[in-house]
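For the sequence shown, the residue numbers in the working numbering are 1 to 94. Comments concern the structure below.
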Amino acid sequence: MYRVLNLQIFLLFLYIFNLNATNLALPCSGCHGPNGVSSGDSIPSINNLDKEYFIKSFNDYKTGVRDHYIMKIIANGYTKNQIELLADYYDKKE
Ligand code: HEC
């Protein structure tokens, strides 16, 4: 009984905070492609990126260690937890 309740509360939280990697990744697909495979040379593919590398690059865009106007704005829009969800999501994309 408690387990079922916990799951429902968890799902409710997911819904409220929109902590769903597929939704979080929607704005990325316009540039990086629907599965993280970009169509041109100017934008890197991000499918299959190592999770640690992904998290580091987001933090580097946030802090300015990596200087890129667009990715800085984007990285600033995501919390630590959301970045981990995204990193996990793209790490598993073939
Ligand atoms: C408007 C286009 C655009 C959007 C939208 C966008 N990106 Fe990017 N992204 C870029 C470009 C251009 C670069 C290359 C920047 C550079 O030279 O460092 C990049 C770089 C990256 C990198 C570093 C890749 C590497 O090989 O080092 C990651 C990771 C990344 N983006 C993830 C994302 C994620 C996740 C989202 C969605 C939350 C997103 N991007 C949305 C354009 C975009």
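All C-beta atoms in this analysis are idealised placements derived from N, C-alpha and C, irrespective of residue type, glycine included. For clarity, every value in this text was computed on a predicted model and none was experimentally measured.
Residue i, DSSP secondary structure in three states
i	result
Lys93	coil
Leu26	helix
Buried versus exposed call for residue i [16 or more other C-beta atoms within 10 Å across all chains shown]
i	result
Phe54	buried
His68	exposed
Ile43	exposed
Ser96	Since the first residue of the chain shown is 1 and the last is 94, residue 96 is not available in this structure.
Contact test: residue i Cβ vs the ligand HEC heavy atom, cutoff 8 angstroms
i	result
Phe58	yes
Ile43	yes
Leu85	no
Leu12	no
Gly64	no
Gly33	no
Rounded distance between the beta-carbons of residue j and residue i, thought under 8 angstroms
i	j	result
Lys72	Tyr90	That belief does not hold up - the Cβ atoms of Lys72 and Tyr90 are roughly 19 angstroms apart, past 8 angstroms.
Lys80	Asn48	With 8 angstroms as the limit, Lys80 and Asn48 do not qualify as a contact, their Cβ atoms being about 22 angstroms apart.
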